[in-house]
Each structure stands twice: as structure tokens, then as C-alpha cells.
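Colleague: Under this note's numbering, the first residue of the sequence shown carries the number 51, and numbering increases by one thereafter. The C-beta atom is built at its ideal place from N, Cα and C for all residues, glycine as well.
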Amino acid sequence: MSANTETTSTHGQGPKDDAPSGAALQEAGLTAVDQPLICVDLDDVLSQSNRVVGEWHNDTYGTRMTLKDFHYYYYWRNPYWGSPDETFRKVDEFYATTRLYEAPPVEGALEGVNALKSMGYRLVLVTARQIRELPRTKEWVDQHLNGIFDDIICTGMSQETLADETMLITKLSKADVCKKLGAKLMIDDSVENALKCIQADPPVPVLLFGDYEWNKRSGKYVHIKDELSFDERTEREGGREWWHDDDVSIPEGAPLTRVNNWEEVVGWVEKNLKP
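1. Using only alpha-carbon positions, find the residue among Gln98, Thr177, Arg283 and Glu152 that is nearest to Asp295.
2. For Arg114, which residues in the same chain have their Cβ closer than 7 Å to its Cβ, ignoring the five residues on either side in sequence?
3. Just the Cα atoms here: how many angstroms apart are Gln193 and Leu92?
4. Would you mind sorting Trp312 into buried or exposed? The rule is 16 or more other CB atoms within 10 Å of its CB.
5. Three or more C-beta pairs closer than 8 Å, one from the stretch 96-103 and one from the stretch 142-159: is that the case here?
6. Does Ser97 come out as helix, strand or coil in the three-state DSSP assignment?
7. To the nearest angstrom, report how far apart Gly317 and Gly288 are at their CA atoms.
8. Verify whether the separation of the beta carbon atoms of Ile88 and Lys234 is less than 8 Å.
9. Within 10 angstroms of the Cβ of Ile181, are there 16 or more other Cβ atoms? Answer buried if so, exposed if not.
10. Go through its chain and collect everything with a Cβ distance to Lys324's Cβ below 7 Å, but skip five positions before and after it.
11. Could you spell out the range, first to last residue, of the beta strand (DSSP E) harbouring Arg283?
12. Figure out for me which residue from Ala146, Phe280 and Lys229 has the closest Cα to the Cα of Tyr123.
This is the structure in C-alpha cells:
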């Protein structure tokens, strides 16, 4: 559900569509950092994003959506959203509001990232938010987590550029960014991102954050045009809880640990990592 918008760089360079993947990280000097580094996702790790999405949907469409209804990362597979086309339209409506930037921080996030920073880790925020949302995203981070993150990296885009001194835009995936930066750890709420990180060579350890429904199962699809709405799929499946077919088990011995909150994050890092 992303849309690329052109951005300019305060370094006097515009976006570079033909630049090799990772060029922005190289240019910013992030591939040669001696300080131990942890990558941290934004949505639903630091910001209660899906909470405000659900509240907006309820206010706008009169539904009773809760976080428990977010079975999947892809909203059209969840109750109330409708078809993929309806979902995209609703997401555009949501982004036209300021609701995302009114989201409160995840409970304990400020204390947690401060604790990691005090242990000597360099913290980098890694997000897949759309380029057009980066200025307001930085404002949110500055308001709630000011001075904590050394850089904000927007991943999975079609270009490589430095948006400003602390914001980078890259074609790389989150897993590739972690590998490129030599991250000691990735903290993310997406099971898909987590699995990609631990399958990298070498693997990047992951803390899979939050007791969320959407990170209990994988949401891959082949052709979006073939995707059904939640209600259509439920009817086809005879009313059974079909989404549990996609439940994911963490591979035995994999460097992937589920954590429910920031207190567990800090405890795990203290016990298992050395700066």
C-alpha cells in the first residue's frame, strides 16, 4: 500500500533511481560504523499504528474493529475491510487524515530505547512507510523519541537518496539493511521480516515484537486480483477460522525470539547481547 513521491536531498542531490541498492547507506557512512547497532521498526513497535487505524475505521464506517481483528498484515484479509480495491481506497482515505501522527507511543517504548542506548548501542529506525510520509514521521519521532535514533531508513523503495542528514531512502529490504549495517539485532512486529532476517547469510537475530495476531501467521499471496475479502473467504470456507492455516511456527534453534513488550526486549538484550 505504498506510493512513491519524489523527494529532494539537502545534500544537493535528488533521488537516484539508477543507483545501486544500498548506495544511500554507503554515502551516509553507515556501512562503516564501529558502534554496535540495533535496528528498530516503527509501526506497532514504537507507535501504536494499527490501534489508530482501527479507531479511524470505526469512526468512519461505524464498525467495531479491535486489534484482535488484525489477523494479517494485509488489511483486506481482515474483517471489515472489504475487497483489496476497497481496502486501498480506505487506506488512501486514512492517509489523507492526521490520525497516524496522533498515535501514542507503544507502552514502555521510550524507556526501552533509552535503556538500549544507555547500554552503548547505536539505534537506527528502519521503516517501510511511504516516502511521502517521511517528513511527518520524523516530526512524530522528534516529538516522542527525540534524540534517540541516529538515523531513519525508509526501505523497499525505488530509489537511493539522502532525504536529509538523518533520513535515508533505499531500495534494500529491512533484512538487507540489517545485513549491510552489521546489525546485532532487529526488533520488528512482522513475522515475514523476521524470517527474512534470520534466513540471511549470516543470520540477523530478531526479536518479534508484540502479542499481535498479525505476527502469528504469514500473509503471502500470488496475485492480488485473485484475493478475496475476509467475508468472501469465510463464506467459501464454511465459516471455519481459516486464517489459522497460515499460523507460523518459529524454526527450532533459529535466532528469533518472541517478546510481548519493551520490558522483555531490554531483559533479552541484557542477557544475550554484549555491546
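Modeller: So, to answer that:
1. Position 245 of the sequence shown holds residue 295. Measuring from the Cα of Asp295, the nearest candidate turns out to be Arg283.
2. Taking the sequence shown and counting its residues from 1, the one referred to as residue 114 is at position 64. Answer for Arg114: Asn108, listed in chain order.
3. In the sequence shown, residue 193 corresponds to position 143, counting from 1. In the sequence shown, residue 92 corresponds to position 42, counting from 1. Those two C-alpha atoms are separated by around 14 Å.
4. Counted from its first residue, the sequence shown places residue 312 at position 262. When all chains shown are included, Trp312 counts as buried.
5. yes
6. As a position in the sequence shown, residue 97 is number 47, starting the count at 1. Strand.
7. Residue 317 sits at position 267 when you count from the first residue of the sequence shown. Residue 288 sits at position 238 when you count from the first residue of the sequence shown. About 44 Å.
8. Position 38 of the sequence shown, counted from the start, is the residue given in the question as residue 88. Position 184 of the sequence shown, counted from the start, is the residue given in the question as residue 234. The answer is yes: Cβ separation under 8 Å.
9. Numbered from its first residue, the sequence shown carries residue 181 at position 131. Classification for Ile181: buried.
10. Here residue 324 refers to the residue found at position 274 when the sequence shown is read from its first residue. Contacts found: none.
11. Numbered from 1 along the sequence shown, position 233 holds the residue referred to as residue 283. Unbroken run through Arg283 is the alpha helix (DSSP H), Phe280 to Arg286; no beta strand (DSSP E).
12. Position 73 of the sequence shown, counted from the first residue, corresponds to residue 123. Nearest of Ala146, Phe280 and Lys229 to Tyr123, Cα basis: Phe280.
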